[in-house]
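Trainee: Take the sequence shown: its position 59, counting from 1, is numbered 59 in the numbering used here, and each next residue is one higher.
Think of the CB as a built atom: it goes at the ideal place given N, C-alpha and C, for glycine as much as any other residue.
All of these numbers come straight from a predicted model, not from anything done at the bench.
One structure is given below, represented as structure tokens, and several questions about it will come after.
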Amino acid sequence: MIPGTTAGDLTCSRAGCRTKADFRIEWRNPRLHSPDRVKAWLACDDHVDYLREFLGAREFPLRVVGADAPTATEPLP
Ligand SMILES: [Zn+2]
Numbered sequence: 001m002i003p004g005t006t007a008g009d010l011t012c013s014r015a016g017c018r019t020k021a022d023f024r025i026e027w028r029n030p031r032l033h034s035p036d037r038v039k040a041w042l043a044c045d046d047h048v049d050y051l052r053e054f055l056g057a058r059e060f061p062l063r064v065v066g067a068d069a070p071t072a073t074e075p076l077p
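What follows is the structure in structure tokens.
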């Protein structure tokens, strides 16, 4: 267990999925969010592509990092 986290933090964000997430998708909606306002979804191996395509289809800027990567401070373009 990593200090500063709580158990259950890393569950996939896909509705109905209880799988432990291996990825974090950081994204924002340019119409609602300023560049420094980054949202994050967690994704398991099965759903990372689904969630990335869901956001990509809306042309939201996004990046995929490891689920346990440090929280990003860099704005999304
Ligand atoms: Zn999942």
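Among VAL48, THR11, HIS33, PRO70, which one has its Cα closest to the Cα of PRO61?
Mentor: Closest by alpha carbon: HIS33.
Trainee: Given 7 Å as the limit, tell me if ARG14 has its C-beta closer than that to any heavy atom belonging to ligand 1.
Mentor: Answer for ARG14: yes, Cβ within range of ligand 1.
Trainee: So the beta strand (DSSP E) LEU10 belongs to, where does it begin and stop?
Mentor: Where LEU10 is concerned, there is no enclosing beta strand (DSSP E), given that its DSSP letter is neither H nor E.
Trainee: Using the C-alpha atoms, what's the distance from ASP46 back to GLU59?
Mentor: Straight-line Cα distance between these residues: approximately 22 Å.
Trainee: Can you give me the C-alpha to C-alpha distance between LYS39 and ARG28, rounded to a whole angstrom?
Mentor: Their Cα atoms are separated by approximately 6 Å.
Trainee: How would you label GLU53, buried or exposed, when you count the other beta carbons within 10 angstroms and need 16 or more for buried?
Mentor: Counting Cβ neighbours within 10 Å, GLU53 comes out exposed, since fewer than 16 surround it.
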